[in-house]
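Remarks on the structure that follows.
Residue numbers (full-length UniProt numbering): 1 to 432.
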């Protein structure tokens, strides 16, 4: 039974070489959206869309379906035929180049070479490009210059005239002229569009550069102000520290003067006590010692008094400087606080005005509400307008006992809170 198939066995068919399909994308579930079962290919007919090469005629299905006379030999012969056919088919497909594959694909879709060539010719017919027209004109000018020269032979002159006629027919063709005009117009529009784009880009670049310079100028000015402020603060601190140190030294010197005065007074008391003891003993030191002591005491007292006066003057000057600096700092702090308070009040009034009347609207000159707005705001700068508006308000005044009358509110009329949730929902929806 070697080389023969069983009675119910099917012949083993070799799978032909086909181009592999693209890889299946991965899915989030991990399962493909189609069943994993693929039916075996039907080898009794060619695959759909396949065009056999002209040198390899594909066998017709009836020849493959002919019943053999002997089952054993028929199965062996049929398998050999199928294997040989598939081997040749694989070789023919492998030997086909890309151009043949593309041609077979076009033929399978119903497009012939003549139809594709005709369509390309219809697209390119009568479409003379601007470079081609420029080349034709340049060639025509060269040919005219050649004809004007006397060195051209008759044969060359005849060929030149014929070429000139061809170029003239191309350049004077109405269809070519219309096409050239349209292309020149499109090119001019494109150049204008590109030029405008370049101008716009240049203006945007210059505007960005100007904004950058302005920002840099603002930053430089702010940095200079911060640097100057830091230097002023540092200078004030150094001046204050120097004044405090000098004042401390002056006070120390005054304390030294007071201590020396106390020592001098103590020495005078000590001398007086000693002189009394000497008199009690009956001894007399003489007037020279007393005179010398009083002279030295006078000199020391005068020197200490002079130093005290100088130190007192210096102390008062330093105290005045420190007091003035303290007052200046307090004035600066008050000015800063007033500025912050004014800024806060301005912001509060602006927020309150926006809360009561909505955001401020800038009206155009042709806005019909602008005259009424100018009339109402004119009372802020014109007294007559204020009197007129006040007179119109006063014309509606009534006595307090009139039913339904109420006084004019002193402050702003602030909206009250919604009375219930339904009214609040309606207000929110209307605002949106």
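Ideal placement from N, C-alpha and C gives every residue a C-beta, glycine not left out.
*Could you check if residue 344 is buried or exposed, using at least 16 other CB atoms within 10 Å of its CB as the buried criterion?*
Counted from its first residue, the chain shown places residue 344 at position 344. Residue 344 is exposed by the Cβ-count criterion.
*residue 348: buried (16+ other C-beta within 10 angstroms of its C-beta) or exposed?*
Locating residue 348 in the chain shown gives position 348, where the first residue counts as 1. By the neighbour-count rule (16 or more Cβ atoms within 10 Å), residue 348 is not buried but exposed.
*Minimum length 4: unbroken alpha helix (DSSP H) runs contained in the region 321-386*: Those alpha helix (DSSP H) runs which fall completely within the region 321-386 and span 4+ residues are 370-377.
*Give the secondary structure of residue 417 by DSSP, where H, G and I count as helix, E and B as strand, and everything else as coil.*
Position 417 of the chain shown, counting from 1, holds the residue named residue 417. In the displayed model, residue 417 falls within coil according to three-state DSSP, outside both helix and strand.
*Contact check, residue 171 vs residue 133, beta carbons under 8 angstroms*: Position 171 of the chain shown holds residue 171. Position 133 of the chain shown holds residue 133. Closer than 8 angstroms, so yes.
_Taking a contact to mean a Cβ-Cβ separation below 8 angstroms, would you say residue 247 touches residue 318 in this structure?_
For the purposes of this step, residue 247 is identified with residue 247 of the chain shown, where counting begins at 1. For the purposes of this step, residue 318 is identified with residue 318 of the chain shown, where counting begins at 1. Residue 318 sits close to residue 247, with the two beta carbons spaced by under 8 angstroms.
*the region 129-144 in contact with the region 171-188 per 3-pair CB rule at 8 angstroms*: Look at the beta carbons and you see the region 129-144 touching the region 171-188: at least three pairs across the two are nearer than 8 angstroms.
_Euclidean distance between Cα positions of residue 264 and residue 252_ = Translated into positions along the chain shown, residue 264 becomes position 264. Translated into positions along the chain shown, residue 252 becomes position 252. Taking the straight line joining both Cα atoms gives about 18 angstroms.
_Are the CB atoms of residue 261 and residue 304 within a distance shorter than 8 angstroms?_
The sequence position of residue 304 within the chain shown is 304, counting from 1. The sequence position of residue 261 within the chain shown is 261, counting from 1. By the CB criterion at 8 angstroms, residue 304 and residue 261 fall inside the cutoff.
_At least three beta-carbon pairs within less than 8 angstroms, the region 230-245 to the region 319-334_ = Result yes; three or more Cβ-Cβ pairs closer than 8 angstroms.
*How about residue 257 and residue 308: do their beta carbons lie closer than 8 angstroms?*
Walking along the chain shown from the start, residue 257 turns up at place 257. Walking along the chain shown from the start, residue 308 turns up at place 308. Cβ atoms of residue 257 and residue 308: closer than 8 angstroms.
_Assumed close pair residue 250, residue 314 - CB separation to whole angstroms, cut-off 8 angstroms_ = On the chain shown, residue 250 is found 250 positions in, with the first residue counted as 1. On the chain shown, residue 314 is found 314 positions in, with the first residue counted as 1. At roughly 5 angstroms, the Cβ-Cβ gap stays under 8 angstroms, so residue 250 and residue 314 are in contact.
_Span separating the alpha-carbon of residue 337 from that of residue 407_ = On the chain shown, residue 337 is found 337 positions in, with the first residue counted as 1. On the chain shown, residue 407 is found 407 positions in, with the first residue counted as 1. Inter-residue distance for residue 337 and residue 407 is about 38 angstroms (C-alpha atoms, whole angstroms).
*Could you tell me the distance, in whole angstroms, from the CA atom of residue 412 to the CA atom of residue 352?*
The count along the chain shown starts at 1 and reaches residue 412 at position 412. The count along the chain shown starts at 1 and reaches residue 352 at position 352. If I take the Cα positions, the gap works out to 9 angstroms.
*asked:* When you measure from the CB of residue 270 to every non-hydrogen atom of the ligand SAH, does any distance come out below 7 angstroms?
replied: As for the ligand SAH, it is missing from this structure, which has no ligand bound.
*Can you tell me whether DSSP reads residue 317 as helix, strand or coil?*
In the chain shown, the residue the question calls residue 317 occupies position 317. Residue 317 falls in the helix class under three-state DSSP.
*Does DSSP classify residue 412 as helix, strand or coil?*
One-based indexing of the chain shown puts residue 412 at position 412. It is coil, neither helix nor strand.
*asked:* Quick check on the DSSP output: the alpha helix (DSSP H) that includes residue 262 runs from which residue to which?
replied: On the chain shown, position 262 is the one that residue 262 refers to. First-last of the alpha helix (DSSP H) with residue 262: 174-281.
*Looking only at its own chain, which residues have a Cβ that is under 6 angstroms from the Cβ of residue 154, when we skip the five neighbours before and after it?*
By 1-based counting over the chain shown, the position of residue 154 is 154. If we look at residue 154 and ignore the five residues flanking it on each side, it has no Cβ neighbours.
*For the putative contact between residue 164 and residue 149, defined by C-beta atoms under 8 angstroms, what is the C-beta separation to the nearest angstrom?*
Mapped onto the chain shown, residue 164 falls at position 164. Mapped onto the chain shown, residue 149 falls at position 149. In fact, because the Cβ distance is near 14 angstroms, the residues do not count as touching under 8 angstroms.
_Straight-line Cα distance separating residue 310 from residue 293_ = Walking along the chain shown from the start, residue 293 turns up at place 293. Walking along the chain shown from the start, residue 310 turns up at place 310. One C-alpha to the other measures close to 26 angstroms.
_Delimiting residues of the alpha helix (DSSP H) encompassing residue 129_ = Walking along the chain shown from the start, residue 129 turns up at place 129. Run containing residue 129: none; DSSP gives neither H nor E here.
*How big is the Cα-Cα spacing for residue 312 and residue 339?*
Counting from one through the chain shown, the residue named residue 312 turns up at place 312. Counting from one through the chain shown, the residue named residue 339 turns up at place 339. Cα to Cα, the separation comes out at about 40 angstroms.
*Near residue 243, which residues of its chain fall below 7 angstroms by C-beta distance, leaving aside the five closest residues on each side in sequence?*
In the chain shown, counting from the first residue as 1, residue 243 sits at position 243. Excluding residues within five positions, the ones whose Cβ falls inside 7 angstroms are 318, 321, 322.
*Range of the contiguous alpha helix (DSSP H) that encloses residue 406*: Position 406 of the chain shown, counted from the start, is the residue given in the question as residue 406. Neither: residue 406 is in no alpha helix (DSSP H) and is coded neither H nor E.
*Helix, strand or coil: how does DSSP classify residue 286 here?*
In the chain shown, residue 286 corresponds to position 286, counting from 1. For residue 286, the secondary structure class from DSSP, reduced to helix, strand or coil, is coil.
*Reducing DSSP to helix, strand and coil, say where residue 292 ends up.*
Start at 1 with the first residue of the chain shown, and residue 292 comes out as number 292. Assigned with DSSP and collapsed to three states, residue 292 falls in helix.
_Anticipated Cβ contact below 8 angstroms, residue 424 with residue 418, distance rounded_ = Counted from its first residue, the chain shown places residue 424 at position 424. Counted from its first residue, the chain shown places residue 418 at position 418. Between residue 424 and residue 418, the beta carbon gap of about 4 angstroms places them in contact (Cβ cut-off 8 angstroms).
*Residue of 393, 138, 386, 221 minimising C-alpha distance to residue 168*: Translated into positions along the chain shown, residue 168 becomes position 168. Out of 393, 138, 386, 221, 138 has the C-alpha closest to the C-alpha of residue 168.
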